[in-house]
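Numbering (the numbering used here), first residue to last: 9 to 199.
Below you'll find the structure, written out as structure tokens, and then a few comments.
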């Protein structure tokens with residue numbers, strides 16, 4: 009039943025053309041009651057932790073199928089998605105992290121390989137996958153830091169219903185041009 013959503017012709021056509029549906033995405037994300045200012049502040053200062061990511065990741069999973077959400081993001085409709093088991097693996101890994109590890113940017117795990125081994129054993133995820141996740145998390149944090157401070161994305165957290173058509177169009181174009189194919193692949197590893 010979670011797959012049903014009200015039909016809106018404009019959003020439907022926009023998603024079919026691979027242009028996303030920023031209005032629908034905003035409505036979905038606003039259901040989470042996120043403190044955007046706090047998130048942007050943490051990202052721009054490089055203070056985004058594994059705990060922050062874990063919390064936001066689980067909130068996003070609560071919105072429904074990731075594939076449906078990605079259809080709403082301009083330029084992301086064709087990003088290949090991992091299986092549902094891959095999504096669960098990340099949750100298991102987060103559950104295996106200590107408070108100290110969760111409250112870090114992942115450096116503590118990189119500096120102490122025995123911690124990665126413990127997390128791998130506790131979550132049932134191979135050591136290499138945990139190591140890869142930490143590496144991808146750090147890259148994603150750097151990307152998000154850049155995104156949060158880039159003037160091209162000044163409207164990223166603005167309500168799309170209050171944006172002009174020109175602003176929406178510019179935001180869609182910027183999101184397509186901003187990420188290289190490598191960045192898109194890195195992002196898809198988190199989803």
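Idealized CB from N, CA, C, for every residue including glycine.
Contact belief for residue i with residue j at Cβ below 8 Å, rounded distance in angstroms
i           : j           : result
residue 139 : residue 116 : About 13 Å separates the two Cβ atoms, so there is no contact after all.
residue 75  : residue 89  : 6 Å
residue 131 : residue 101 : 4 Å
residue 54  : residue 153 : 6 Å
residue 133 : residue 118 : No, residue 133 and residue 118 are not in contact; Cβ-Cβ is about 16 Å, not under 8 Å.
Candidates the options, of which the one nearest residue i by Cα
i           : options            : result
residue 148 : 134, 97, 58 and 41 : 58
residue 67  : 37, 96, 54 and 52  : 37
residue 56  : 112, 93 and 32     : 112
residue 46  : 77, 32 and 64      : 64
residue 43  : 33, 60, 32 and 30  : 60
Classification of residue i by the beta-carbon crowding that lies within 10 angstroms, buried from 16 upward
i           : result
residue 150 : exposed
residue 9   : Unreliable positioning characterises residue 9 in this predicted model, as indicated by a pLDDT of 49, which lies under 50. A coordinate reading is not provided.
residue 135 : exposed
residue 121 : exposed
residue 97  : buried
residue 114 : buried
residue 49  : exposed
residue 173 : exposed
residue 79  : buried
residue 39  : exposed
residue 103 : exposed
residue 109 : buried
residue 129 : exposed
Coarse secondary structure for residue i, derived from DSSP in three states
i           : result
residue 51  : helix
residue 125 : helix
residue 29  : coil
residue 65  : helix
residue 106 : coil
residue 172 : coil
residue 142 : helix
residue 130 : helix
Any chain B beta carbon closer than 8 Å to residue i
i          : result
residue 55 : Of the protein chains in the structure, only one exists, and it is not chain B.
**Study point:** Ordered list of alpha helix (DSSP H) runs contained in the stretch 67-103, each at least 4 residues
**Key:** 74-80
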